[in-house]
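Input: a single structure, listed below in structure tokens.
Numbering (my numbering), first residue to last: 9 to 303.
In structure tokens:
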């Protein structure tokens, strides 16, 4: 009799667990793999494990995406969430209805930063001291699609009468931020642009000396890194158009509660997440340089 009772209870437990597992849904988080799929997975899989643990009955997985795959996956609804750079998010918002949930607080040299900017740099002995003096010179950037390594600076230059596409004698795209800095240092170009924290990181690594450079159009405030442009919000994590509000609310709470010392935060090289910032400045930046993100 006792064995029969135990058997019945065990069956009920199994049925309950099985039912819960059947009800669980898998949610896919697309991630822009700016440094390749392998690196993206190493950086963000711990986040999916954290969310799966913190949101009972739900499973989260990471899908590394190329720049073009970010567009198609968001458009087709093959992902439920997307983590991408600020300018790409504006495009996804305008074209496909993606909506930012939270903004990343990046961890840079021990500092938590919710915004970043662009830097215009020349060699310390360069005759270029102002933006106007950069006209007709050789210019280096990371990539035309790089927000911090091209688009921010081009908006600033455009506002000061210089068109990146017309007013330099030559424009070189050097693929990485480090390469742009070294291009300026080695006289391959006259002026370059990189995202904030690049120069300080390279200096800490012994690759350059800050004294070997000048910052064109420097902004003086309490931001911890040299910069030339205004500050723009960091990467957002957004929901795609069809993602239900209930799972969004659960996910957001888990993200906002994520401890700074968690494995997910350390692997992601972030401090945590905050309420989504206003990405209107990003839209204005793109419009300034003639990019319509809705097209």
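Just so it is clear, CB atoms sit at the ideal spot from N, CA and C, and this is done for glycine as well.
Every value quoted in this text rests on a predicted model; they were computed, and no experiment measured them.
What do you get for residue i, buried or exposed, if any count of 16 or more other CB atoms within 10 angstroms of its CB means buried?
i, result
"residue 11", "For residue 11, the predicted model reports a pLDDT of 43, less than 50, meaning its position is unreliable and no value from the coordinates is stated."
"residue 235", "buried"
"residue 198", "buried"
"residue 101", "buried"
"residue 203", "buried"
"residue 30", "Confidence at residue 30 is low in this model, with a pLDDT of 45, below 50, so its placement is unreliable and no value can be given for it."
"residue 292", "exposed"
"residue 99", "buried"
"residue 108", "buried"
"residue 132", "exposed"
"residue 300", "exposed"
"residue 23", "With a pLDDT of 38 at residue 23, under the threshold of 50, the predicted position of this residue should be treated as unreliable, though the coordinate-derived value follows. The residue in question, residue 23, is exposed, as its Cβ has fewer than 16 Cβ neighbours within 10 Å."
"residue 254", "exposed"
"residue 38", "buried"
"residue 257", "exposed"
"residue 303", "exposed"
"residue 56", "buried"
"residue 47", "exposed"
"residue 219", "exposed"
"residue 183", "exposed"
"residue 222", "buried"
"residue 247", "buried"
At a Cβ threshold of 8 Å, is residue i touching chain C?
i, result
"residue 248", "Of the protein chains in this structure there is only one, and it is not chain C."
Let me know the secondary structure DSSP gives residue i once reduced to three states.
i, result
"residue 107", "strand"
"residue 233", "coil"
"residue 223", "strand"
"residue 292", "helix"
"residue 101", "helix"
"residue 272", "helix"
"residue 58", "helix"
"residue 63", "coil"
"residue 176", "coil"
"residue 85", "coil"
"residue 141", "helix"
"residue 186", "helix"
"residue 213", "coil"
"residue 297", "coil"
In the DSSP assignment, what residue or residues form a beta bridge with residue i?
i, result
"residue 40", "73"
"residue 281", "112"
"residue 35", "68"
"residue 245", "91 and 110"
"residue 181", "149"
"residue 200", "129 and 148"
"residue 120", "115"
"residue 240", "124"
Spatial neighbours of residue i within its chain, please: C-beta separation below 8 Å, excluding the five flanking residues on both sides.
i, result
"residue 113", "120, 121, 122, 242, 278, 279, 280, 281 and 282"
"residue 230", "none"
"residue 286", "241"
"residue 110", "244, 245, 260, 263, 264, 281, 282, 283 and 284"
"residue 94", "155, 240, 241, 242, 243, 244, 287 and 290"
Could you name the residues of the same chain whose beta carbon sits closer than 7 Å to that of residue i, not counting the 5 residues immediately before and after it, in chain order?
i, result
"residue 116", "205"
"residue 310", "A question about residue 310 goes unanswered here, because the residues of the chain that appear run from 9 up to 303."
"residue 74", "41"
"residue 96", "40 and 78"
"residue 270", "58"
"residue 185", "150, 157, 202, 203 and 206"
"residue 81", "38, 73 and 87"
"residue 153", "75"
Assuming residue i contacts residue j under a Cβ cut-off of 8 Å, what Cβ separation, rounded to an integer in Å, is found between them?
i, j, result
"residue 160", "residue 240", "7 Å"
"residue 147", "residue 179", "5 Å"
"residue 125", "residue 288", "Incorrect: roughly 16 Å between the Cβ atoms, too far for contact."
"residue 216", "residue 189", "6 Å"
"residue 163", "residue 297", "5 Å"
Does the distance between the C-beta of residue i and the nearest non-hydrogen atom of the ligand GDP fall short of 7 Å?
i, result
"residue 219", "As for the ligand GDP, it is missing from this structure, which has no ligand bound."
Ignore the nearest five residues each way along the sequence and tell me which others in residue i's own chain have a CB closer than 6 Å to its CB.
i, result
"residue 175", "143"
"residue 92", "40 and 78"
"residue 250", "85"
"residue 168", "139"
"residue 35", "68 and 88"
"residue 208", "233"
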